[in-house]
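S.K.: In this note's numbering, the protein residues as written are 3 to 390.
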Ligand code: PMP
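#1: Which one of 152, 367, 189 has the shortest CA to CA distance from residue 327?
#2: First and last residue of the alpha helix (DSSP H) that includes residue 96?
#3: Mind reading off the beta-carbon distance from residue 201 to residue 154? Whole number of angstroms is fine, and I expect it under 8 Å.
#4: Does DSSP classify residue 111 as helix, strand or coil?
#5: Could you tell me if the beta carbon of residue 260 falls within a distance shorter than 7 Å of some heavy atom in the ligand PMP?
#6: Please list the segments of the alpha helix (DSSP H) lying wholly inside the region 246 to 300, counting only runs of 4 or more residues, in order along the chain.
#7: Closer than 7 Å to a non-hydrogen atom of the ligand PMP - does that hold for the CB of residue 66?
#8: Would the region 372 to 387 count as touching the region 298 to 309 if we require 3 or more Cβ pairs under 8 Å?
#9: How do the region 121 to 138 and the region 78 to 93 stand: do at least 3 beta-carbon pairs fall below 8 Å, yes or no?
#10: Since residue 56 and residue 208 are thought to touch, with beta carbons under 8 Å apart, how far apart are those beta carbons, to the nearest angstrom?
#11: Looking at the structure shown, is residue 58 part of a helix, part of a strand, or coil, going by DSSP?
#12: How far does the beta strand (DSSP E) with residue 187 in it extend, from its first residue to its last?
#13: Can you name, in chain order, every residue of its own chain whose Cβ lies under 7 Å from the Cβ of residue 231, other than the five neighbours on each side?
#14: Have a look at the DSSP bridge pairing and note the partners of residue 138.
#15: Is any heavy atom in the ligand PMP found nearer than 7 Å to the beta carbon of residue 165?
#16: On a CA-only basis, which of 324, 279, 42, 197 is nearest residue 6? Give me that one, please.
#17: Applying the criterion that 16 or more other CB atoms from any shown protein chain within 10 Å of the CB defines a buried residue, is residue 58 buried or exposed?
#18: Could you work out which residue in 108, 17, 37, 13 is closest to residue 240 when comparing CA atoms only?
#19: Do residue 302 and residue 168 have their beta-carbon atoms positioned less than 8 Å apart in this structure?
#20: Would you give the residue range spanned by the alpha helix (DSSP H) that residue 368 belongs to?
#21: Locate the beta strand (DSSP E) running through residue 87, then write down its first and last residues.
#22: Does at least one heavy atom of the ligand PMP sit under 7 Å from the Cβ of residue 190?
#23: How many angstroms separate the CA atom of residue 416 from the CA atom of residue 244?
#24: Between the region 352 to 364 and the region 261 to 268, do three or more beta carbon pairs fall short of 8 Å?
#25: In terms of residues, what are the limits of the beta strand (DSSP E) holding residue 205?
#26: So, are the CB atoms of residue 65 and residue 196 less than 8 Å apart?
#27: Examine the ligand PMP and report whether any of its heavy atoms sits within less than 7 Å of the Cβ of residue 375.
#28: Should residue 149 go down as buried or exposed, given a rule of 16 or more other Cβ atoms within 10 Å for buried?
#29: For residue 357, tell me which candidate among 331, 369, 341, 81 has the shortest Cα-Cα distance.
#30: Given this structure, state the Cα-to-Cα distance separating residue 71 from residue 220, to the nearest angstrom.
#31: Are the beta-carbon atoms belonging to residue 349 and residue 203 less than 8 Å from one another?
#32: With distance defined between alpha-carbon atoms, name the residue in 252, 30, 212 nearest to residue 198.
#33: Taking 7 Å as the limit between beta carbons, can you name the residues of its chain near residue 212, skipping five residues before and five after?
#34: What I want to know is whether the C-beta of residue 169 ends up closer than 7 Å to one or more non-hydrogen atoms of the ligand PMP.
#35: One question on the structure: do residue 388 and residue 342 come within less than 8 Å of each other, judged by their Cβ atoms?
This is the structure we're talking about:
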């Protein structure tokens with residue numbers, strides 16, 4: 003018996019066979035001509051995936067938090083004022099990280115499942131003197147998406163740069179660096195980029211690179227300093243040898259393979275597919291009588307769903323039952339509501355079949371936990387939404 007359990011958490015996700023094949027292939031030297039070509043191509047493709055015409059791509063061995071750290075270390079100088087558009091756990095992390103580098107962070111918080119309004123953000127920015135507006139595009143702890151395009155306009159209207167934590171958004175949610183004037187967007191390999199965990203990825207736009215070059219103080223972090231990595235990225239993209247720290251060779255091969263698949267699908271088609279899949283999934287969740295953590299439908303991200311347990315259903319029992327029925331899902335993460343909800347990732351190459359199978363497993367688990375609903379209602383609603 004095949005006994006396959008779908009991995010439907012908000013990262014790591016299930017990966018494409020060609021990506022896994024690249025990961026399992028014999029490791030080359032990081033200076034082998036075919037690796038130099040592959041790394042160079044991956045950097046060029048990063049620009050296309052981030053929809054950046056003139057940004058500087060970076061690929062570092064590490065997780066998404068390293069991408070956040072590298073941006074914080076390289077852009078923040080002691081005393082810099084930052085506004086954190088705070089939607090939960092990962093916004094808290096980014097605020098704390100920026101404070102380590104001496105930033106004076108003003109957190110703009112919303113109730114759990116909410117997001118600060120544009121008016122609230124503008125009111126703070128109007129005080130003046132902010133260097134950065136930091137935003138979590140999709141807050142993985144609540145499933146809330148922020149309005150990046152409008153926030154970018156606000157930031158620039160008030161003389162600040164915008165830094166986007168896109169770990170749970172890049173390559174799935176609409177994000178257009180050049181068109182929307184995003185200064186930095188960062189992510190990690192294990193989500194919609196579709197590569198096993200281990201790469202910190204970001205693109206820095208011209209204004210961010212300028213701000214980095216104009217620093218008055220040295221970067222107080224060695225490994226994460228853009229100054230150490232920039233010549234390496236420039237070398238590989240110019241098909242030359244570069245070295246600072248050994249690249250994660252196989253992960254870079256895998257990255258190039260996955261970026262190739264993403265661009266073959268096309269960014270607009272990919273954004274649209276994530277939206278369709280998300281609508282179908284959420285229609286299924288609604289039909290089962292479950293509410294969601296985001297307070298309004300327009301606050302809900304498309305790469306994941308954060309669903310509240312119905313009365314009487316308990317977190318660990320439910321998650322074990324749903325895994326047994328065929329899908330691994332994630333529990334809650336936001337400390338204020340940790341045991342009240344669960345999270346489903348539907349990003350990367352998720353298709354209708356994965357959505358239906360996952361909803362089917364959720365139905366089995368909910369029935370087993372004593373929740374009352376019409377069997378098949380979730381699966382049917384998702385299929386109907388998809389077909390519409
Ligand atoms: N930001 C967001 C929005 C995330 O979802 C995550 C990971 N779930 C991170 C940052 C941190 O990434 P990593 O775990 O790869 O360090």
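Here a beta-carbon is modelled for each residue, glycine too, at the ideal position from N, C-alpha and C.
M.R.: According to the data block:
#1: The shortest Cα separation from residue 327 among 152, 367, 189 belongs to 367.
#2: Unbroken alpha helix (DSSP H) run through residue 96: 91 to 102.
#3: In this structure residue 201 is not in contact with residue 154, their Cβ atoms being roughly 25 Å apart against a cut-off of 8 Å.
#4: In this structure, residue 111 counts as strand in the three-state DSSP scheme.
#5: With a cut-off of 7 Å, the C-beta of residue 260 is classified as distant from the ligand PMP, since no heavy atom of the ligand falls inside that distance.
#6: Qualifying alpha helix (DSSP H) stretches, in chain order: 251 to 267, 269 to 289.
#7: Indeed, a heavy atom of the ligand PMP lies less than 7 Å from the Cβ.
#8: The region 372 to 387 makes no contact with the region 298 to 309, as fewer than three CB pairs between them are under 8 Å.
#9: At 8 Å Cβ cutoff, the stretches touch.
#10: Correct: roughly 6 Å between the Cβ atoms.
#11: In this structure, residue 58 counts as strand in the three-state DSSP scheme.
#12: Counting along the chain, the beta strand (DSSP E) containing residue 187 begins and ends at 186 to 190.
#13: Within the same chain, residue 231 has close Cβ partners 60, 62, 246.
#14: Looking at the DSSP output, residue 138 bridges to 167.
#15: False, no ligand heavy atom lies under 7 Å from that Cβ.
#16: Minimum Cα distance to residue 6 is reached at 324.
#17: Around the CB of residue 58, 16 or more other CB atoms lie within 10 Å, so the residue is classed as buried.
#18: Taking only the C-alpha atoms, the option nearest residue 240 is 37.
#19: Here residue 168 is not near residue 302, since their CB atoms are 8 Å or more apart.
#20: Here the alpha helix (DSSP H) through residue 368 covers 354 to 370.
#21: 83 to 88 is the span of the beta strand (DSSP E), which, as asked, contains residue 87.
#22: True, at least one ligand heavy atom lies under 7 Å from that Cβ.
#23: Past the edges of the chain, shown from 3 to 390, lies residue 416, and the structure says nothing about it.
#24: No: the two stretches stay apart, fewer than three of their Cβ pairs being nearer than 8 Å.
#25: Counting along the chain, the beta strand (DSSP E) containing residue 205 begins and ends at 201 to 206.
#26: No, Cβ-Cβ distance for residue 65 and residue 196 is not below 8 Å.
#27: No, the Cβ of residue 375 stays beyond 7 Å of every heavy atom of the ligand PMP.
#28: Per the 10 Å Cβ criterion, buried.
#29: With distances taken between Cα atoms, residue 357 lies closest to 331.
#30: Whole-angstrom Cα-Cα distance: 15 Å.
#31: No, these two residues do not count as a Cβ contact at 8 Å.
#32: It is 252.
#33: Listed in chain order, the non-local C-beta contacts of residue 212 below 7 Å within the same chain number zero, local neighbours out to five positions each way being set aside.
#34: Of the heavy atoms belonging to the ligand PMP, at least one sits nearer than 7 Å to the Cβ of residue 169.
#35: Result no, Cβ atoms of residue 388 and residue 342 do not sit closer than 8 Å.
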